[in-house]
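Reviewing the structure listed below.
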Amino acid sequence: MEEFDTDILILGAGGAGLFAALHALQADPDLDVTVAVKGLLGKCGCTRMVQGGYNVALDPRDSLERHFMDTIVGGKWLPRQDLAWRLIEGAVERVRELENELGCFFDRNPDGSLHQKAFAGQSFDRTVHKGDLTGIEIINRLMEQVWARGIRKLEEHRAVALIPAADGSGLAGALLIDMRTGGYRMVRAKATLLATGGGPTMYLYHTPSGDKSCDGMAMAMRLGLPVRDMEMVQFHPTGLLAGLDTRMTGTVLEEGLRGAGGYLLNGDGRRFMADYDRAGERATRDVVSRSIYAEMRAGRTTPMGGAWIEMKHLGPESVAKRFPGMVKRCADCGFDLAGGRVEVVPTAHYMMGGVEFEIDTTTAIPGLFAAGEDCGGVHGANRLGGNGVANSTVFGGIAGDSMARFVARNAPLRDPDRAAIDAAVARAETPFALAQGDLGDLRDRLWHLMWDEVGILRTADGLKRGLAGLADLRAELHRTGLADGDRAFNLTWHDWLNLESQITVSEVIATAALAREDSRGAHFREDFPETGDLDTTAFTRITLDATERPQLSMVPVDFTIVKPGESLIDDEAGAPPASAAG
Amino acid sequence: MTTATDSEGGTLAVEIWRGKDAGQFETYTVPQRANQTVLDVVTWIQRHAEPALAYRFACRVGVCGSCAMTVNGKPRWTCRTHVSKVAGEGALRIEPLRNLPRLKDLAVDMTPFFEKWQRAQGRFTPTRTRNDPLTTVSPQSAGRKAADAGIECINCAVCYSACDVVGWDDGYLGPAALNRAWTLVNDERDGDRAGVLKAASSGGGCHSCHTHGSCVEHCPVGINPTAGIAGLKRWSIVELLGGKLP
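Listed in order, the protein sequences are those of chains A and B. Following this note's numbering, the numbering of the first sequence begins with 1 at its first residue and continues without gaps. Following this note's numbering, the numbering of the second sequence begins with 1 at its first residue and continues without gaps.
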């Protein structure tokens with residue numbers, strides 16, 4: 001097995017990973033920084049896919065307090081408040097850094113000042129954007145800067161395990177698979193950053209990039225780290241529905257279509273949103289997702305099992321002009337968004353939960369840092385649109401600063417626990433020793449199980465069926481193998497490894513969802529539809545035991561900055577332009 | 001609650017390049033679907049016929065620029081290319097992108113593409129810091145409009161693969177890198193526009209372009225690199241004659 005040493009190992013190359021690399025080198029240009037990423041540098045990951053924009057309190061009429069209150073109210077009082085505050089404060093610096101130092105150019109007003117648009121759940125128009133493709137601008141500019149520096153790039157390298165030190169003193173590094181050769185590579189590092197992103201790809205319909213499979217959370221939990229808020233999975237209401245045989249299905253049709261006055265119709269061709277919410281199609285993401293799902297469950301579906309979105313009453317030419325990207329995307333897929341109807345379905349979008357981490361991105365294990373969607377606590381029960389890219393870039397940069405400081409304090413290269421490396425290799429080798437089976441069918445059943453039982457509307461009975469089904473799927477995966485042979489760029493091997501991470505994290509989601517006997521934000525229990533008393537709000541914390549079974553506790557939220565019933569602003573947080581988090 | 005779109009009953013005859021530089025086409029029979037992209041065809045083959053088939057994709061929606069391949073002779077983003085658009089006689093021939101080193105099957109090494117992006121000084125040089133306010137820039141200024149026209153490049157390398165000059169001159173920076181340089185020389189905030197112009201007009205730069213326009217024809221997001229390269233040529237000559245950049 002190849003082994004090498006580096007000062008800082010960064011797992012992931014989205015907004016968090018790239019910012020961490022840049023900041024670490026700004027702190028100390030002599031650092032040896034290695035970025036390992038499952039796809040190509042800057043080309044996989046979800047920051048790049050950001051459409052809407054970046055929330056930041058830059059306008060003198062806006063304030064940090066206002067952005068903070070919108071975030072806390074949107075998160076249904078579940079966020080860890082010091083993390084949320086750091087996010088909001090950090091966003092100001094990070095947006096200036098993106099523009100002034102990296103060269104991003106965000107949309108301007110006619111007078112040349114920065115344009116900030118309205119986004120659901122926020123009491124001020126604060127979302128900075130580049131058209132409706134903000135993520136491309138951010139990541140392209142970041143990747144140019146990273147390419148320009150002497151950073152070791154391990155592209156198409158998948159992390160399979162975080163390896164502890166033999167003496168138990170902290171983290172030694174990570175075991176990777178070089179996907180291009182199929183060989184293993186152990187990288188020792190003084191500091192390692194977990195920035196692989198989340199991505200609820202275990203649901204039938206999902207939005208994230210295809211490389212996402214919750215590997216980071218699974219690796220962290222296997223190392224013993226706690227995760228929080230894992231029941232909080234955000235669904236976007238309008239994913240494209242084009243059948244189960246196309247990767248197009250589940251990808252997002254943007255929120256602005258509803259905001260502009262688009263109609264949602266059920267299979268009978270009738271507008272239904274007014275039956276569920278006064279705001280109709282303009283209700284928040286969680287409400288619209290639940291409403292579409294309820295129509296689907298009642299059988300009032302389109303031919304492929306979803307709802308229609310219709311824009312033509314706004315004038316096909318006008319729609320094509322206002323939403324060129326969406327209209328062209330649909331046209332490429334064979335659908336007429338401007339003048340016809342397109343089938344849509346709610347689609348799993350973002351995980352608010354994740355690894356517990358501190359403001360400086362440290363974790364409970366010395367030498368291991370974490371940032372971005374791998375982490376929990378920033379968003380609570382619901383993430384505001386525009387706070388996701390802020391999260392990855394703000395905490396990614398902080399991680400770079402922190403790791404550089406950590407290394408400067410003579411952090412050691414630790415001897416890896418050889419038994420842990422052997423165990424991780426054995427785990428990754430598992431499928432080659434098993435009889436060949438149908439992984440595609442297994443994945444389909446995981447997708448349906450999570451969608452039906454652990455999805456948008458939940459009950460205790462359904463969640464218990466979900467947990468039982470997941471246990472069966474896990475056992476089945478460990479009986480299902482693939483032919484050994486050419487391991488170079490063998491995507492089916494990685495499909496197997498993806499499924500193992502996805503099933504592990506699915507069990508944690510279901511466990512947390514069963515424990516939370518209330519409804520708030522993204523989590524809706526039909527058997528407990530009320531939010532209940534905010535003052536006694538608690539979050540779910542889960543660790544895995546030695547047999548990888550989730551162990552749960554409920555931990556009271558410490559309202560360190562503001563308590564339910566209090567506010568830092570005079571008027572109502574989260575409204576207008578909409579009444580709740582989106 | 002969910003039903004798959006069923007096939008229209010037809011099948012596609014799909015030839016796929018297997019191997020690296022040495023290799024051969026293998027033929028697969030793939031069920032045709034109403035909603036089916038070229039990436040879906042490749043995925044079907046990996047899932048049902050050839051588990052070790054190598055290909056690359058990420059975002060599925062034309063944002064990441066990871067999945068470009070040569071389809072029936074032309075470079076395309078496969079995630080946004082509907083089969084009905086390219087499979088005239090129900091046949092597809094899928095190969096890796098031209099002009100880049102092959103890794104395996106349909107995957108290429110994009111390193112030279114990004115190295116040339118850097119050689120063209122395709123990166124911003126700051127004059128302000130995170131402690132400063134943002135620059136006021138009129139969106140209607142000529143420079144900003146020129147930059148905006150080229151800025152939404154997804155670095156998929158389709159233009160690089162389509163370009164004949166890249167094919168015969170390994171030193172040519174190619175359309176995407178020069179397009180990025182053009183956006184920078186038009187960005188009034190950049191602190192080294194003269195340096196970018198120099199990098200983009202030196203050996204292997206804009207003057208190597210033969211204006212065939214293959215890049216314009218194939219760019220999936222509608223950018224016109226040829227126009228930007230023509231602009232770089234013009235400006236580099238103006239500067240050579242002692243003129244100043246606008």
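Backbone N, C-alpha and C fix where the C-beta goes; we use that ideal spot for every residue, glycine too.
Please confirm whether residue i has its beta-carbon closer than 7 Å to some beta-carbon of chain B.
i, result
"K117/A", "no"
"S579/A", "Caution is warranted here: a pLDDT of 38 is assigned to S579/A, below 50, making its placement in the model unreliable, and the coordinate value is therefore given only provisionally. Cβ-Cβ to chain B under 7 Å: no for S579/A."
"D332/A", "yes"
"M326/A", "no"
"K563/A", "no"
"C214/A", "no"
"M49/A", "yes"
"S402/A", "no"
Does the beta carbon of residue i come closer than 7 Å to any beta carbon on chain A?
i, result
"C219/B", "no"
"R119/B", "no"
"M1/B", "In this prediction, M1/B scores a pLDDT of 37, lower than 50, which makes its location untrustworthy; no coordinate-derived value is stated."
"F113/B", "no"
"F25/B", "no"
"L18/B", "Residue identity differs from the one stated: residue 18/B is Arg in this sequence, not Leu. Not an interface residue."
"K104/B", "yes"
"T5/B", "In this prediction, T5/B scores a pLDDT of 44, lower than 50, which makes its location untrustworthy; no coordinate-derived value is stated."
"R47/B", "yes"
"G250/B", "Look at the range of chain B in this structure, 1 to 246, and you will see that residue 250/B is not part of it."
"C59/B", "yes"
"I229/B", "no"
"R80/B", "yes"
Counting C-beta neighbours from all protein chains within 10 Å, is the total for residue i 16 or more, i.e. buried, or is it exposed?
i, result
"H313/A", "exposed"
"S501/A", "buried"
"D105/B", "buried"
"H247/B", "Because chain B spans 1 through 246 in this model, residue 247/B falls outside it and cannot be assessed."
"H478/A", "exposed"
"D268/A", "exposed"
"A426/A", "exposed"
"E99/A", "buried"
"I154/B", "buried"
"A433/A", "exposed"
"W168/B", "exposed"
"L240/B", "exposed"
"A120/B", "buried"
"P416/A", "buried"
"N131/B", "exposed"
"G191/B", "exposed"
"E281/A", "buried"
"A275/A", "Residue 275/A is actually Asp in this sequence, not Ala. With fewer than 16 other Cβ atoms within 10 Å, it is exposed."
"E221/A", "Rather than Glu, the amino acid found at residue 221/A in this sequence is Met. Buried is the call here."
Assuming residue i and residue j form a contact by the criterion Cβ under 8 Å, report the distance between their Cβ atoms to the nearest whole angstrom.
i, j, result
"L223/A", "L162/A", "5 Å"
"H82/B", "T37/B", "6 Å"
"G126/B", "E101/A", "The amino acid at residue 126/B is misidentified as Gly; the sequence shows Pro. With a Cβ gap of about 5 Å, P126/B and E101/A count as contacting."
"T196/A", "G12/A", "4 Å"
"A283/A", "M273/A", "7 Å"
Please list, in chain order, all residues of the same chain as residue i whose beta carbon is under 8 Å from its beta carbon, the five residues on each side excluded.
i, result
"A4/B", "Confidence at A4/B is low in this model, with a pLDDT of 40, below 50, so its placement is unreliable and the value that follows should be read with caution. Closer than 8 Å at the Cβ level, and outside the excluded window around A4/B, lies no residue."
"G19/B", "K104, D105"
"R541/A", "P226, V227, R228, E356, L552, S553, M554, V555"
"V389/A", "G15, T47, V50, G53, Y54, T134, G135, I138"
Which same chain residues end up closer than 7 Å to residue i when comparing Cβ atoms and leaving out the 5 residues on each side of it in sequence?
i, result
"D545/A", "Q551"
"A147/B", "T183, N186, D187"
"F68/A", "A84, W85, I88, L568"
For residue i, which residues from the same chain have a beta carbon less than 6 Å from its beta carbon, with the 5 sequence-adjacent residues on both sides left out?
i, result
"G74/A", "G121, N382, L384, G574, A581"
"M1/B", "Caution applies to M1/B, whose pLDDT of 37 falls short of 50 and renders its modelled position unreliable; the value that the coordinates give is listed next. Here the set comprises nothing."
"P577/A", "Here the model assigns P577/A a pLDDT of 48, short of 50, so the residue's position is not dependable and the matter cannot be decided."
"P431/A", "G481, L482, W496"
"W451/A", "Y203, L204"
"E156/A", "M179, R180"
"G565/A", "none"
"L18/A", "L142, V146"
Quiz item: What are the uninterrupted segments assigned as alpha helix (DSSP H) that are 4 or more residues long and contained completely in the region 353-424 of chain A, given in chain order?
Solution: 388-408
Practice problem: Pick out the complete beta strand (DSSP E) segments inside the region 256-323 of chain A, 3 residues or longer, and give them in chain order. | Solution: 263-265, 307-310
Exercise. Mind listing, in chain order, the continuous alpha helix (DSSP H) runs of no fewer than 4 residues lying wholly within the region 431-503 of chain A?
Key: 439-453, 460-477
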